[in-house]
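Below is one structure, written out as structure tokens; the observations come after it.
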Amino acid sequence: MAEEKPEVGDIVKLTTIKGEVEGRLLESPKTELYLIKLKSGYNIGIKKENVHKIEVVEKFKTEREEYNYEKNPALPNVDIIITGGTISSSLDAKTGAVSNLTKPEQLLKYYPGLFKIANVRKIEVPFMVSSEDMNSEHWIKIAKVVEKSLNDSEVSGVIVTHGTDFLHYTSAALSFFLKDLNKPVVLTYSQRSTDRASSDAALNLECAARMAVSNVAEVMLVGHGSQNDDFCFAHKGTKVRKLHSSRRDAFKSVNASPIAKINSDGKIEYLDEFVRRNEGKVSLDVVFNDKVALVKYYPGMDPEILDYYASRYEGIVLEVGGLGHVAVSGKKSWIAKLKKVIDSGLKVAVCAQTIFGSLNPNVYSNGRTFEKTGAVFCKDMLAETALIKSGWILGHKKWKYEFKDKMLINYAGEISDRIEK
Ligand code: ASP
88 MAEEKPEVGD IVKLTTIKGE VEGRLLESPK TELYLIKLKS GYNIGIKKEN
138 VHKIEVVEKF KTEREEYNYE KNPALPNVDI IITGGTISSS LDAKTGAVSN
188 LTKPEQLLKY YPGLFKIANV RKIEVPFMVS SEDMNSEHWI KIAKVVEKSL
238 NDSEVSGVIV THGTDFLHYT SAALSFFLKD LNKPVVLTYS QRSTDRASSD
288 AALNLECAAR MAVSNVAEVM LVGHGSQNDD FCFAHKGTKV RKLHSSRRDA
338 FKSVNASPIA KINSDGKIEY LDEFVRRNEG KVSLDVVFND KVALVKYYPG
388 MDPEILDYYA SRYEGIVLEV GGLGHVAVSG KKSWIAKLKK VIDSGLKVAV
438 CAQTIFGSLN PNVYSNGRTF EKTGAVFCKD MLAETALIKS GWILGHKKWK
488 YEFKDKMLIN YAGEISDRIE K
């Protein structure tokens with residue numbers, strides 16, 4: 088253990104009258120206290136008079152060193168787009184809170200492994216927000232920046248770093264907005280901030296870089312495939328969902344196989360078909376109608392709610408039960424109201440709230456009665472993907488009368504034909 092003077096930001100070990108405490112030393116508001124951020128994330132104050140000894144376990148990685156980076160002419164180039172979220176934040180040793188890294192260089196300094204795979208030609212920061220603060224304007228902005236990079240002959244692929252919570256909405260949006268993709272577009276994230284020893288950011292970024300220089304011209308979401316630092320998966324942008332609030336392997340492919348498994352030693356195993364890198368130019372189809380909403384049906388839900396949506400929205404995605412069911416009889420039947428709002432122009436797309444599996448209205452008569460209202464049964468499409476797709480379709484004014492046909496066209500692998508029924 089180093090014999091150094093503890094400074095704010097260092098990991099320290101305190102020997103107190105009650106035992107040992109290890110954590111990060113924060114700037115304390117009171118001189119008589121040591122303020123410590125524990126591994127659990129909680130902060131505790133310990134009276135200095137109760138501490139026999141304080142030792143430095145690990146010095147805080149400061150931002151003071153100069154960023155000194157020379158491109159390796161033997162490596163392909165990638166562009167990185169930083170949009171916010173945990174992956175672009177680090178601990179503020181003064182407050183113990185996590186704050187955004189505002190200079191891209193600060194972020195890149197943490198990841199030497201990335202530079203062994205590719206040169207970072209350019210870093211763009213179109214905005215810095217958590218994914219819960221995003222909306223269609225952010226998705227459109229990202230798509231525009233990505234398109235510019237992809238059509239630059241110097242660039243092999245693009246990496247987008249992003250918050251986790253709503254990352255699968257952005258991956259779906261890019262999948263529809265970028266037409267005739269020519270190169271890889273890889274979204275990645277971290278569940279633990281960069282300054283934490285347990286951060287998943289380094290492996291995620293390295294795997295993202297490997298896919299960004301690969302042959303796969305798809306929008307992919309790349310991240311931990313297990314709880315360890317042993318491999319990542321590259322998921323298809325339209326078939327992936329955050330399925331855990333805190334685990335590193337929070338994202339899973341749903342009703343599809345991941346495109347690839349990327350081992351930490353760099354070996355890539357391809358698990359599914361993919362569109363290949365090509366010489367074409369990608370183009371933008373960035374339109375979005377925000378008048379779409381995602382609504383979850385529950386038993387006993389009052390169908391009157393549909394009047395509200397019909398008066399304010401142009402389309403809704405309804406998450407419904409099982410193979411495709413809502414109440415069809417009794418006081419709370421949805422059938423008459425659904426018919427009325429659909430006839431009056433509200434577009435209704437239907438997805439399974441089971442997440443896994445496909446809708447099939449033909450198994451039960453209730454499903455058939457529901458489908459006859461004119462609602463569009465979206466097979467195994469994820470509800471989040473269907474929401475983005477409906478906003479995109481309704482953004483095309485000329486498609487107004489083709490909603491059903493367009494919803495059922497498989498534009499970006501969002502419908503799987505081969506899933507287990
Ligand atoms: N709430 C954050 C976000 O989604 C969490 C994260 O960065 O992972 O942006």
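In this text, residue positions in the sequence shown follow our numbering: the first is 88, and each later residue adds one.
Beta carbons: idealized from backbone N, C-alpha and C, even for Gly.
Worksheet item: Just how far apart, CA to CA, sit Y129 and V95?
Response: 16 Å
Worksheet entry | Sequence-distant residues of the same chain with beta carbon closer than 8 Å to N365, five excluded per side | N269, A304
Worksheet entry | Beta-carbon contacts of D527 that lie in its chain and below 7 Å, excluding the five residues immediately before and after | Here the chain covers residues 88 to 508 and nothing more, so residue 527 does not appear.
Worksheet item: Hey, is E136 close to the ligand ASP, as in C-beta under 7 Å from one of its heavy atoms?
Response: no
Worksheet item: Got a sec: does the ligand ASP put a non-hydrogen atom nearer than 7 Å to the Cβ of Y384?
Response: no
Practice prompt. Compute every distance between the C-beta of T251 and the non-hydrogen atoms of the ligand ASP, then say whether any falls below 7 Å.
Written response: yes
Worksheet item: Can you find at least 3 beta carbon pairs, one from the region 379–391 and one from the region 265–279, that sit closer than 8 Å?
Response: no
Worksheet item: Helix, strand or coil: how does DSSP classify E152 here?
Response: At E152, the pLDDT of 45 sits below 50, so the modelled position is not reliable; the number obtained from the coordinates is stated separately. Note: E152 maps to coil in three-state DSSP.
Worksheet item: Can you find a heavy atom of the ligand ASP that lies under 7 Å from the Cβ of Q314?
Response: no
Worksheet item: What beta strand (DSSP E) runs, 3 residues minimum, are completely inside the region 345–408?
Response: 347–350, 355–357, 379–383, 402–407
Worksheet item: What first and last residue would you give for the beta strand (DSSP E) that runs through S115?
Response: Careful: S115 lies outside any beta strand (DSSP E) and carries neither H nor E.
Worksheet item: In the structure shown, what three-state DSSP assignment does H225 receive?
Response: helix
Worksheet item: If you drop the 5 nearest sequence neighbours on each side, which residues of the same chain put their C-beta closer than 6 Å to that of I174?
Response: T248, Y276, S277, A288
Worksheet item: Does the beta carbon of G128 fall short of 7 Å from some heavy atom of the ligand ASP?
Response: no
Worksheet item: In chain order, what residues of the same chain lie with their CB nearer than 8 Å to the CB of D377, ignoring the 5 residues before and after it?
Response: N222, S223, G478
Worksheet entry | Where H322 falls: helix, strand or coil (DSSP) | strand
Fill in: Which of helix, strand or coil DSSP assigns to A436
strand
Discussion item. Is it the case that the region 305–319 contacts the region 350–368, given that we only count it when at least three CB pairs across the two stretches are under 8 Å?
Written reply: yes
Worksheet item: Under a Cβ-count criterion, where at least 16 other Cβ atoms within 10 Å of its own Cβ denotes burial, should E471 be classed as buried or exposed?
Response: buried
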